[in-house]
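Below: one structure, written as structure tokens.
There are 6 protein chains.
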Amino acid sequence: MTTRIDGRAPDELRPVHLATNVLDFAEGSCLVEFGRTRVLCAASVEDRQPPFLRNTQSGWVTAEYAMLPRATHTRSQREVERGRPGGRTQEIQRLIGRSLRGVVDLELLGPRTITLDCDVIQADGGTRTASITGAYVALRLAIRKLAAAGLVSEACILSPVAAVSVGIVGGVPMLDLCYEEDSTAEVDFNVVMTGEDAFVEVQGTAEGKPFSRAAMDALLDLARHGIGQLFAKQQEALAAAQPT
Amino acid sequence: MTTRIDGRAPDELRPVHLATNVLDFAEGSCLVEFGRTRVLCAASVEDRQPPFLRNTQSGWVTAEYAMLPRATHTRSQREVERGRPGGRTQEIQRLIGRSLRGVVDLELLGPRTITLDCDVIQADGGTRTASITGAYVALRLAIRKLAAAGLVSEACILSPVAAVSVGIVGGVPMLDLCYEEDSTAEVDFNVVMTGEDAFVEVQGTAEGKPFSRAAMDALLDLARHGIGQLFAKQQEALAAAQPT
Amino acid sequence: MTTRIDGRAPDELRPVHLATNVLDFAEGSCLVEFGRTRVLCAASVEDRQPPFLRNTQSGWVTAEYAMLPRATHTRSQREVERGRPGGRTQEIQRLIGRSLRGVVDLELLGPRTITLDCDVIQADGGTRTASITGAYVALRLAIRKLAAAGLVSEACILSPVAAVSVGIVGGVPMLDLCYEEDSTAEVDFNVVMTGEDAFVEVQGTAEGKPFSRAAMDALLDLARHGIGQLFAKQQEALAAAQPT
Amino acid sequence: MTTRIDGRAPDELRPVHLATNVLDFAEGSCLVEFGRTRVLCAASVEDRQPPFLRNTQSGWVTAEYAMLPRATHTRSQREVERGRPGGRTQEIQRLIGRSLRGVVDLELLGPRTITLDCDVIQADGGTRTASITGAYVALRLAIRKLAAAGLVSEACILSPVAAVSVGIVGGVPMLDLCYEEDSTAEVDFNVVMTGEDAFVEVQGTAEGKPFSRAAMDALLDLARHGIGQLFAKQQEALAAAQPT
Amino acid sequence: MTTRIDGRAPDELRPVHLATNVLDFAEGSCLVEFGRTRVLCAASVEDRQPPFLRNTQSGWVTAEYAMLPRATHTRSQREVERGRPGGRTQEIQRLIGRSLRGVVDLELLGPRTITLDCDVIQADGGTRTASITGAYVALRLAIRKLAAAGLVSEACILSPVAAVSVGIVGGVPMLDLCYEEDSTAEVDFNVVMTGEDAFVEVQGTAEGKPFSRAAMDALLDLARHGIGQLFAKQQEALAAAQPT
Amino acid sequence: MTTRIDGRAPDELRPVHLATNVLDFAEGSCLVEFGRTRVLCAASVEDRQPPFLRNTQSGWVTAEYAMLPRATHTRSQREVERGRPGGRTQEIQRLIGRSLRGVVDLELLGPRTITLDCDVIQADGGTRTASITGAYVALRLAIRKLAAAGLVSEACILSPVAAVSVGIVGGVPMLDLCYEEDSTAEVDFNVVMTGEDAFVEVQGTAEGKPFSRAAMDALLDLARHGIGQLFAKQQEALAAAQPT
């Protein structure tokens, strides 16, 4: 049987931790770790609507994503120094935003905006899927706080949402790729699912060579298996969370 | 049976045209039309390598994407006026570049860069998939020109590549969404495949509500059906192309 | 007698074509060709006024100009990648805007803005003068559409306007320079005239050596000769134009 | 006979002063005043060539132009705060650069760049023509300094160059418009001439209504009359200049 | 006893001149010279408040600072070409703004903004302290003009303010460093004081090696000595100032 | 006796923690806490020199500073979205860089650059002084790692360096201001000292009203008292640090 560079089985997640309410000022926050990947997720609630929702009662959920310069093995330049977020950054923050909105009833949320800031403290692969998984916890905690103040119903969150990467490395389908695996993967999928066994996003890319329908099916099975465990971790963390 | 707003059957492509070598200076070019969507694809060959390939013999294929301001129903501001390409633009041009690289042997291409400029003259949905389909033709024509000059082997292109959008609109899976369908779709997939029945990219998004595995399977079947017809159109256009 | 590199006589225009209403969404459009120079001109009507016209009943006409990256013999970088339109681009779009405003009664136009987007598909010299000539046609078609809807009077256009380049190449005054002539010209003029034999703009530059008053007079005669033919082409195209 | 708002005759310049070597560090400098318009022109010599002259022995002359925020009647925002020079600024600095290059033999100048910085201290119309007139003096002083050091021959300057604005205000052709005249002019010309009675640039614009060939001729006569006086002022200032 | 490179005693200011109302349009202006350092300070009064003062009756005083490209020994690139003011520029303009606000009663000033533009014509060390010293004069003149029109009370200025640099060069504490001294100083202080012998800002930096409390005390004494003389110069200039 | 809003005595620091080597990839790192203020400091070593040190054997130490958007009580916009670091950010990162360079022998460091990234996780006043205090620890750890590999001598660090804020709040001099104190302080000082009882930087600002020499003296005494305790904390943390 295949062993991975960090000793895991192909269908095994890295150790996952979700620390809740780690920030004093944010309405909800979560420090999520998938192995050495570490992302700080903060949920900020503001009583404003984006321009395109003016004159409605609907709310909005959006995300921003960034990496600290020394999150990576070697230092990366800050994007502010280049004057704009790079293409990868924008692609990721759009993905996180869509994934979260996929499980929120924006009408029930009411005329407010929740921003999920996902700042990568350390990057060892899977930062976008860890961000989605942690951002859900931060969002849920913020909604819980609003609900405790009688401002919204917790029912505005329709389901949990979590995400994981899967890929084919050396011909073997693997769950939750670390950086070294990711950089040699032939195929790379990011899969976002809800607690009701449905998909919010599926993004698969052939890095090396095109992949067959059968390979895709195997990867989606693996992702579903991992995401099930992430839902359990989220539930556990939320049950134990202390209010700020 | 469901009829679509433009009278098509759910599994029917819009009229597709691929006009070749429409530009006098580009090494290869193709004006692609999917219904009212019209994209001008130009392949430019330059004898330079991107910095990360220095000291190798490998080449590179990249893409840029933009929309003319009046491609759309109402005029959009030029991105140059905002000082940077938007997130959507960057996401699309990264997708086009990856899709094309997925069928090119960069070692065989040798130390040169081919840029595929995909400029949307008119946008009625599916601009990114039309871009990939047309850019392949422009790329092929440029390689043919290089090969005629004895500079590269045509074998550096490993397979054709084409792309189509599919989605679920009003509960019905449909092929090749026009703008009006796209803006009301519950689920939206962009699928990129090679001539060898394999996938280069699969990007599926739940716009409205999460989708099941079965729904995804139906959409992928539909995409494969449409892409088969696009390969035929590409082959026909390439067979008839006159050199510039 | 002097023959030019493309076989024309010194006082001969390149073949000029004006294709009308080539876009489905723009209120008016024109694809103009002066030889291999090809510019897509789109007129967009918006019910808004620029800030400096607030609290007046006056309208505005403005222009934007850009070149596709592979309009030129070798690929040029997109200006959006440099974060701002270059000096040449701004100079040209200001010229086009002033030229069109020179023949419009902005009071009669009423509180709306018409933007003329001039996107150069292929550049072989004279793109700014082709843009003015084509933009007039697009503008006229847009006004015709507004007039048909009873929104403005066609009388808000006071006269046709057209433009041509003239220059001294190898000591010989020539009409409508192509790129190769333009790049070796000693003197280069862009002349914009109205249908009433008057000037809107005259911009003359000594590229190589200063020019005499007599040389200027010869060039202005040549320009007038060419612009007369352009007015005929415009009239013909407008007479034959089908509504969108 | 027409009297102007400041009491001048139509063919009369404002009081013109050219103060030389007003800066301690610049190789040449001139503070030029046309009435209340005041521009500080500094010539900087650098031993570098622009990229397009690499591998030649040719030099380059270029210009930059800016206005201090309170040069104008009411304060204007600094362009650095908007992140880029505006279109007007770029148009003007390109004009100044071309005008100066029109009288310099760049081969004789040798492999160096001279930058003429024209900073408008106070703006009351005609800043671009004052800039050209003053920049010539600064350039000449810098060349004189280089020549004194045996680095170039003064012969690299082929002729003096000066510029003036002319326009039609209330139907009357006038020389050297002040701001108030300029803002109500029907036609506005900027004319740049050499000491050999030849033109380097002619830029005429109909602000209000198109102009006839006869009107243009009258304006060019007026400009020539004014520029003759500017050449005398330049010669006088250069004769009296003390070295820095 | 130590002699300095320009022959001054260690506790001696350079020749200081304050020319008043040198601009025709600004509400107040002052051209300040500390030796070869020359800064043009213009005060502009606008009837608007910054956003954070909305719904108050309070005014605001702010400053902008820039150097002409050839203020320096060798030419510096314009910051507008880099797209943003540099860190040094921002640091200095924030300092000037704070220093002026330190002596203004913003409530008494009323709902208006005064901007002090400090543009360095020539830089030979101490540009920020010269700017503060000259900006005070320009501000005072603008307030005098407003007061003459009955719009504000001169009492809104609570005290004069002036500034000087001091530093340790070759082990010797010195007053008012010129550029050459500044660039070799071990310690560099900028001190801003009011006419009531109090401090608005003290900024001390060890350029070479850390400094003792005793050294700081000596430098502050020296600064106080110099600033006393600057107050006398300001008073004299203001007494002699002619209205614009 | 005065009690502070958080119960501290006027001369009392907030609880200070310095967690070492909290990042896996950085050469040195420190998470510093001053009460609720939390800054992650990472030291990155790169074998490159800034351009101005080319052709020398000298190294460089520089710093970058940023705040996470939800470090603050209410969310702040990311600076990358505005396209450039703000004035405050640049001022702070320049201060941190100078402070660290003040205790490093750059010749002994050799031809490499160490960048100290100070990212504020949570901001409750004193972020710049906490950054300096923590960055010193991160720097020291990085040097220790380089020294262990035989690349540099630990002697290139000449002394510890630490910083604290002091200010006058309600007339009372106080040590280590929290955000609420800072925002109502009349006077605000940031003081940076070395282990040898000398100053690297002193920056004092009158926020409300100018301050006397005596007040400054009292504040500097308080700062020295606090910085002494910070040196003890640093030493303790460094003694206990485990290598990464």
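Protein chains in written order, with the working numbering: chain A, 23 to 266; chain B, 23 to 266; chain C, 23 to 266; chain D, 23 to 266; chain E, 23 to 266; chain F, 23 to 266.
Here a beta-carbon is modelled for each residue, glycine too, at the ideal position from N, C-alpha and C.
Q) Is the beta carbon of Met-215 of chain E less than 7 angstroms from the beta carbon of Ile-249 of chain E? A) Walking along the fifth sequence from the start, residue 215 of chain E turns up at place 193. Walking along the fifth sequence from the start, residue 249 of chain E turns up at place 227. Contact flag set, yes.
Q. Is the CB of Gly-105 of chain F under 7 angstroms away from at least one CB in chain A?
A. Along the sixth sequence, one-based indexing puts residue 105 of chain F at 83. So, interface residue.
Q | Proximity of Lys-185 of chain F and Cys-63 of chain F at Cβ, strictly below 7 angstroms | A | On the sixth sequence, position 163 is the one that residue 185 of chain F refers to. On the sixth sequence, position 41 is the one that residue 63 of chain F refers to. According to the sequence as given, residue 185 of chain F is Ala; it is not Lys. Their beta carbons are not under 7 angstroms apart, which means Ala-185 of chain F does not touch Cys-63 of chain F by this criterion.
Q. Mind checking if Val-102 of chain C is an interface residue toward chain B, Cβ cutoff 7 angstroms exclusive?
A. Residue numbering aside, residue 102 of chain C sits at position 80 when the third sequence is read from its first letter. Yes, Val-102 of chain C counts as interfacial toward chain B.
Q | For Cys-140 of chain C, the three-state DSSP class (helix, strand or coil) | A | Walking along the third sequence from the start, residue 140 of chain C turns up at place 118. Cys-140 of chain C falls in the strand class under three-state DSSP.
Q) Which chain D residues sit within Cβ distance under 7 angstroms of Leu-45 of chain E? A) Translated into positions along the fifth sequence, residue 45 of chain E becomes position 23. Within 7 angstroms Cβ-Cβ: Arg-92, Gln-144.
**Q.** Assumed close pair Thr-151 of chain C, Ser-187 of chain C - CB separation to whole angstroms, cut-off 8 angstroms
**A.** What you label residue 151 of chain C is simply residue 129 of the third sequence in a count that begins at 1. What you label residue 187 of chain C is simply residue 165 of the third sequence in a count that begins at 1. Correct: roughly 5 angstroms between the Cβ atoms.
**Q.** Three CB pairs or more closer than 8 angstroms across the stretch 233-248 of chain C and the stretch 217-232 of chain D
**A.** By the C-beta criterion, the stretch 233-248 of chain C is judged to be in contact with the stretch 217-232 of chain D, since at least 3 inter-stretch pairs fall below 8 angstroms.
Q. Would you call the stretch 158-175 of chain D and the stretch 100-114 of chain D touching, i.e. three or more CB-CB distances under 8 angstroms?
A. No: the two stretches stay apart, fewer than three of their Cβ pairs being nearer than 8 angstroms.
Q: With DSSP as the reference, label Asp-210 of chain D as helix, strand or coil.
A: Start at 1 with the first residue of the fourth sequence, and residue 210 of chain D comes out as number 188. Strand at Asp-210 of chain D.
Q: Buried or exposed for Asn-269 of chain A, please, with buried defined as at least 16 other CB atoms from any protein chain shown within 10 angstroms of its CB.
A: Past the boundaries of the shown model lies residue 269 of chain A; chain A is included only from 23 to 266, so the question cannot be answered.
**Q.** 6 angstroms CB neighbourhood of Gln-225 of chain F in its chain, flanking five on each side removed
**A.** What you label residue 225 of chain F is simply residue 203 of the sixth sequence in a count that begins at 1. Here the set comprises Asn-212.
Q) Is there at least one Cβ from chain C nearer than 7 angstroms to Arg-97 of chain B's Cβ? A) Counting from one through the second sequence, the residue named residue 97 of chain B turns up at place 75. Output row for Arg-97 of chain B: interface = yes.
Q. Okay, do the stretch 109-118 of chain E and the stretch 172-181 of chain E touch, 3+ Cβ pairs below 8 angstroms being the bar?
A. no
Q.
What ranges does the alpha helix (DSSP H) occupy inside the stretch 172-226 of chain F, keeping only unbroken runs of at least 4 residues that lie completely in it?
A. 201-204
Q. So, is Glu-55 of chain A buried or exposed, given that buried needs 16 or more other C-beta atoms within 10 angstroms?
A. Counted from its first residue, the first sequence places residue 55 of chain A at position 33. Classification for Glu-55 of chain A: buried.
Q: Compare the C-beta of Ser-234 of chain D with all C-beta atoms of chain C and state if any pair is closer than 7 angstroms.
A: In the fourth sequence, the residue the question calls residue 234 of chain D occupies position 212. Taking Cβ atoms only, chain C reaches closer than 7 angstroms to Ser-234 of chain D, which makes this a yes.
Q: Taking a Cβ distance cut-off of 7 angstroms, strictly less, list which residues of the stretch 182-215 of chain B are near chain A, in chain order.
A: none
Q: Enumerate in chain order the residues of its own chain whose CB-to-CB distance from Pro-91 of chain E is below 6 angstroms, with the five nearest sequence positions on each side excluded.
A: As a working note, residue 91 of chain E is residue 69 in the fifth sequence. Residues Arg-97, Ser-98, Arg-100 of the same chain have their beta carbon placed closer than 6 angstroms to that of Pro-91 of chain E, with the five preceding and five following residues left out of the count.
Q) the ligand SAM heavy atoms versus the CB of Asn-43 of chain C: any closer than 6 angstroms? A) As far as ligands go, the structure on display features none, and thus does not contain the ligand SAM.
Q) Any idea which residues DSSP pairs Ser-153 of chain C with across the strands? A) Within the third sequence, residue 153 of chain C is the residue found at index 131, counting from 1. In the DSSP output, where bridge partners are listed per residue, Ser-153 of chain C has none listed.
Q) Where DSSP assigns a beta bridge to Glu-86 of chain C, which residues make up the other side? A) Position 64 of the third sequence holds residue 86 of chain C. According to DSSP, which records beta bridges pairwise, Glu-86 of chain C is partnered with C:Asp-139.
(Q) Mapping the DSSP letters down to three states, classify Gly-50 of chain C as helix, strand or coil. (A) Here residue 50 of chain C is taken as the residue at index 28 of the third sequence, counted from 1. Of the three classes helix, strand and coil, the one that applies to Gly-50 of chain C here is strand, per DSSP.
Q: Determine which residues share a DSSP beta bridge with Ser-66 of chain B and list them.
A: Start at 1 with the first residue of the second sequence, and residue 66 of chain B comes out as number 44. Ser-66 of chain B has B:Thr-137 as its beta-bridge partners, per DSSP.
Q: List the residues that DSSP assigns as beta-bridge partners of Glu-55 of chain F.
A: Counted from its first residue, the sixth sequence places residue 55 of chain F at position 33. In DSSP, Glu-55 of chain F forms a bridge with F:His-39, F:Arg-60.
**Q.** Neighbourhood of Ala-240 of chain A by C-beta, 8 angstroms cutoff - its chain only, sequence neighbours within 5 removed
**A.** Within the first sequence, the letter at position 218 stands for residue 240 of chain A. For Ala-240 of chain A, where only same-chain residues beyond five positions count, the Cβ hits under 8 angstroms are Pro-195.
Q. What's the gap between the Cα of Ala-85 of chain E and the Cα of Arg-116 of chain E?
A. On the fifth sequence, position 63 is the one that residue 85 of chain E refers to. On the fifth sequence, position 94 is the one that residue 116 of chain E refers to. So the two alpha carbons sit approximately 7 angstroms from each other.
**Q.** Per-residue contacts from Thr-227 of chain E into chain F (C-beta, under 7 angstroms)
**A.** Translated into positions along the fifth sequence, residue 227 of chain E becomes position 205. Arg-120, Glu-223, listed in chain order.
Q.
Measuring alpha carbon to alpha carbon, tell me which residue in B:Gln-144, B:Leu-173, B:Pro-37, B:Gly-81 is nearest Pro-137 of chain B.
A. Your numbering for residue 137 of chain B matches position 115 in the second sequence. A small correction: the amino acid at residue 137 of chain B is Thr; Pro does not occupy that position in the sequence shown. If we check each option's Cα against that of Thr-137 of chain B, B:Gly-81 comes out closest.
Q. Where does Glu-68 of chain C land, buried or exposed, given buried means 16+ other C-beta within 10 angstroms?
A. Residue 68 of chain C sits at position 46 when you count from the first residue of the third sequence. Flag for Glu-68 of chain C reads exposed.
Q) When you check each C-beta in the stretch 130-144 of chain C against every C-beta of chain B, which residues fall closer than 9 angstroms? A) Thr-137, Asp-139, Asp-141, Ile-143, Gln-144
(Q) Report the CB separation of Arg-26 of chain D from Gly-57 of chain D in whole angstroms; it is logged as a contact under 8 angstroms. (A) Here residue 26 of chain D corresponds to residue number 4 of the fourth sequence, with the count starting at 1. Here residue 57 of chain D corresponds to residue number 35 of the fourth sequence, with the count starting at 1. So it is not a contact: roughly 11 angstroms between Cβ atoms.
Q | Own chain residues within Cβ distance below 7 angstroms of Leu-244 of chain B, not counting five before or after | A | Looking up residue 244 of chain B in the second sequence gives position 222. Cβ contact annotation for Leu-244 of chain B (same chain, cutoff 7 angstroms, sequence separation greater than five): Asp-33, Val-188, Pro-195, Leu-197, in chain order.
Q | Chain-ordered neighbours of Arg-58 of chain D on chain E, where CB pairs are closer than 9 angstroms | A | Counting from 1 along the fourth sequence, the entry for residue 58 of chain D is found at position 36. Those within 9 angstroms of Arg-58 of chain D in chain E are Asp-46, Phe-47.
Q | Euclidean distance between Cα positions of Ser-175 of chain E and Asp-127 of chain E | A | Here residue 175 of chain E refers to the residue found at position 153 when the fifth sequence is read from its first residue. Here residue 127 of chain E refers to the residue found at position 105 when the fifth sequence is read from its first residue. In a straight line, the C-alpha of Ser-175 of chain E is about 10 angstroms away from that of Asp-127 of chain E.
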